[in-house]
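Trainee:
Number of protein chains: 2
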Amino acid sequence: MSYRIESLERLTEHFSCLPGVGRKTAQRMAFAVLNFEPEEAEDFAAAILEAKNSIHYCPICQAMTDEPTCSVCSDPERDRSVICVVEDTRSVISIERVRQYNGLYHVLHGVISPMKGMSPDKLRLRELVERINDEVKEVIVATNPTVEGETTAMYIAKLLSPYGIKVSRLAYGVPVGADLEYADEVTLHRAIMGRQSL
Amino acid sequence: MSYRIESLERLTEHFSCLPGVGRKTAQRMAFAVLNFEPEEAEDFAAAILEAKNSIHYCPICQAMTDEPTCSVCSDPERDRSVICVVEDTRSVISIERVRQYNGLYHVLHGVISPMKGMSPDKLRLRELVERINDEVKEVIVATNPTVEGETTAMYIAKLLSPYGIKVSRLAYGVPVGADLEYADEVTLHRAIMGRQSL
Chain A
3 MSYRIESLER LTEHFSCLPG VGRKTAQRMA FAVLNFEPEE AEDFAAAILE AKNSIHYCPI
63 CQAMTDEPTC SVCSDPERDR SVICVVEDTR SVISIERVRQ YNGLYHVLHG VISPMKGMSP
123 DKLRLRELVE RINDEVKEVI VATNPTVEGE TTAMYIAKLL SPYGIKVSRL AYGVPVGADL
183 EYADEVTLHR AIMGRQSL
Chain B
3 MSYRIESLER LTEHFSCLPG VGRKTAQRMA FAVLNFEPEE AEDFAAAILE AKNSIHYCPI
63 CQAMTDEPTC SVCSDPERDR SVICVVEDTR SVISIERVRQ YNGLYHVLHG VISPMKGMSP
123 DKLRLRELVE RINDEVKEVI VATNPTVEGE TTAMYIAKLL SPYGIKVSRL AYGVPVGADL
183 EYADEVTLHR AIMGRQSL
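Sequences listed follow chains A and B, in order. In this text, residue positions in the first sequence follow the working numbering: the first is 3, and each later residue adds one. In this text, residue positions in the second sequence follow the working numbering: the first is 3, and each later residue adds one.
#1: Using a Cβ-Cβ distance under 9 Å, would His16 (chain B) count as near chain A?
#2: Please confirm whether Leu10 (chain A) has its beta-carbon closer than 9 Å to some beta-carbon of chain B.
#3: Determine contact between the stretch 51 to 67 of chain A and the stretch 5 to 16 of chain B, defined as no fewer than three beta-carbon pairs at a distance below 8 Å.
#4: Taking only three categories from DSSP, how would you classify Tyr5 (chain B)?
#5: Answer with yes or no whether the minimum CB distance from Val87 (chain B) to chain A is below 9 Å.
#6: Can a CB atom of chain A be found closer than 9 Å to the CB of Met31 (chain B)?
#7: Counting only C-beta atoms, is Val94 (chain A) closer than 9 Å to chain B at any point?
#8: With which residues is Lys168 (chain B) paired in a DSSP beta bridge?
#9: Label Arg128 (chain B) either buried or exposed according to how many other C-beta atoms from any shown protein chain fall within 10 Å of its C-beta, with 16 as the threshold for buried.
#10: Checking contacts by CB at 9 Å: is Ser4 (chain B) closer than that to chain A?
#11: Could one say the Cβ of Arg133 (chain B) lies closer than 9 Å to chain A's Cβ atoms, at least one of them?
#12: Please report the residue range of the alpha helix (DSSP H) in which Ile85 (chain A) lies.
#13: Taking Cβ to Cβ, would you say Asp90 (chain A) is nearer than 9 Å to Leu110 (chain A)?
#14: Helix, strand or coil for Ser115 (chain B) per DSSP?
#15: Kindly say whether Asp81 (chain B), judged by its beta-carbon, lies nearer than 9 Å to any beta-carbon of chain A.
#16: Which same chain residues, not among the five before or five after Leu172 (chain A), have their C-beta less than 8 Å away from its C-beta?
#17: For the stretch 58 to 73 of chain B against the stretch 90 to 109 of chain B, are there 3 or more C-beta pairs whose distance is under 8 Å?
#18: Below 7 Å CB to CB, which residues in the same chain sit around Tyr103 (chain B) once its five sequence neighbours on both sides are set aside?
#19: Let me know the secondary structure DSSP gives Tyr157 (chain A) once reduced to three states.
#20: Distance cutoff 9 Å, beta carbons only. Does Arg113 (chain A) sit that close to anything in chain B?
#21: What separation, rounded to the nearest whole angstrom, lies between the Cα atoms of Tyr165 (chain A) and Ser73 (chain A)?
#22: Grab me the residues of Glu2 (chain B)'s own chain with a C-beta within less than 8 Å of its C-beta, minus the 5 sequence neighbours each way, in chain order.
#23: Taking the beta strand (DSSP E) that Leu106 (chain A) falls in, what are its first and last residues?
#24: Could you please give me the residues that DSSP links to His16 (chain B) through a beta bridge?
#25: Taking DSSP's pairing of strands, which residues face Met66 (chain B) in a bridge?
#26: On the criterion of 16 or more Cβ atoms from any shown chain inside 10 Å, does Met195 (chain A) qualify as buried, or is it exposed?
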C-alpha cells in the first residue's frame with residue numbers, strides 16, 4: 003500500500019472545489035492548515051460555518067448580509083434617490099471600494115441569459131420595481147459590460163420607462179492606464195462614440 | 003457606512019492566510035463557500051478540524067498520518083532494507099507518486115540551516131539512528147537539491163558512517179524534457195560530472 007492520509011485527502015478534496023485551485027495547490031493549502039495553530043484551524047472551520055449560516059440576502063436590496071438589513075440600506079447617510087443595479091454582491095464590493103458612490107444598490111443575482119436558462123423572471127426585478135417610489139430619481143444599471151449585461155440593462159430601461167425616472171448605464175471606454183494599442187475594436191469604438199468635450 | 007459583511011470578512015481573512023492566496027482570491031473563495039450546498043460547507047469545516055485533530059507524526063518514520071503508524075510503515079510488502087530520508091511529508095507524497103520506490107521513509111521535518119536556526123538536534127536524526135539495524139542496507143538521502151539539503155545529506159552520511167551501511171544521494175542532472183539552453187551552470191556541471199555510460 004502506498005502512502006496515503008485519508009483526512010488530508012478529504013481536506014485537499016474540499017480545497018480543490020474552490021475556484022482557481024488545482025490538485026497541487028489544494029494539497030499545499032491542506033498542509034498549510036496542518037501547520038496552523040489549533041485555535042486558528044478551529045476559527046477557520048467556525049468562520050466557514052458562520053458565514054454559511056449567518057449570511058442571507060438583504061430584504062431590501064438583495065445583497066448578501068449577516069444583519070437584518072445590509073449596512074448600506076440601514077445607513078441613514080446614504081442617498082436614497084439613486085439605486086445602482088448590479089449582477090451580484092461582488093459588484094457591490096467593487097463599487098464600494100471606489101468610495102465615490104453614495105446611493106443605494108439593488109442586486110439582481112444574475113443577468114438575462116437564454117443560453118444559461120436565465121430568464122428575466124429569475125432575476126430580482128420584481129423587488130426592484132417595488133422599490134421605485136417618489137424618492138427615487140435615478141437607476142444606474144451597472145451590470146457587467148458583456149452581451150448579457152447589456153441585454154439586462156436594456157430590459158431594465160424598458161421595464162422602468164413607465165415610472166418616468168432616469169435610467170443610466172456605466173460609461174464604456176478605454177480603461178485608465180491601459181494602452182490604446184491593446185484596446186479591442188469594440189471598446190475603442192465605444193470610447194470614440196462616448197467622447198467627452200474638454 | 004460602506005457595505006461590509008463581518009462574517010464574510012472573517013472568512014476572507016482566513017483564506018488569505020493560505021499560501022499563494024491574496025486578498026482578492028481569498029474573497030473569491032469566500033464567495034464560493036457561500037454558494038456551496040449547506041452540507042458541503044459543513045463537510046469542509048469538519049474536514050479542517052478532522053485533519054488538524056487526527057493527523058500526527060508516525061512514531062516510526064515521523065511522516066504525517068492519521069493512523070497509529072503510517073500506511074508505509076504498517077505495510078508488510080514494503081522493502082525494509084532501504085530508508086529514504088526526506089525533509090517533509092510532502093516529499094514522501096512526491097516520491098510515492100512515481101510508484102518506483104518500495105522502501106521505507108524517514109521524515110526529518112526540516113534541514114540544517116544556521117540562518118533559520120535549524121541545528122541538527124532539531125531534526126529527527128536521533129529517531130533515524132535508532133532505526134538503523136541489521137535489516138537496513140541502504141539510506142537514500144532525498145533532501146531538496148539546495149545548499150541546506152546538501153549540507154544535511156553530508157551530515158547524515160557522516161552520522162551513519164559508523165554503521166557501515168550504504169548512504170546514497172539522489173542524482174543531480176538536467177530534468178527530463180528540459181532544454182539545455184535553460185539549465186543553469188551548476189546543474190549542467192553536475193550533469194556532466196555524473197554522466198552515465200550508454
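From the three backbone atoms N, C-alpha and C, an ideal C-beta is built for every residue, glycine too. None of these values were measured; they are calculated from a predicted model.
Mentor: With the given structure in hand:
#1: yes
#2: yes
#3: yes
#4: coil
#5: no
#6: yes
#7: yes
#8: B:Glu140
#9: exposed
#10: yes
#11: no
#12: It is not in any alpha helix (DSSP H) - Ile85 (chain A) instead sits in the beta strand (DSSP E) that spans 84 to 88.
#13: yes
#14: strand
#15: no
#16: Ile142, Val143, Ala144, Pro147
#17: yes
#18: Cys86, Ile97
#19: helix
#20: Before going on, a small fix: residue 113 (chain A) reads as Val here, not Arg. No - not a single Cβ of chain B is within 9 Å of the one on Val113 (chain A).
#21: 27 Å
#22: An answer regarding residue 2 (chain B) cannot be provided, because it is not within the stretch 3 to 200 covered by chain B.
#23: 106 to 109
#24: Answer is none; His16 (chain B) lacks a bridge partner.
#25: B:Tyr59
#26: exposed
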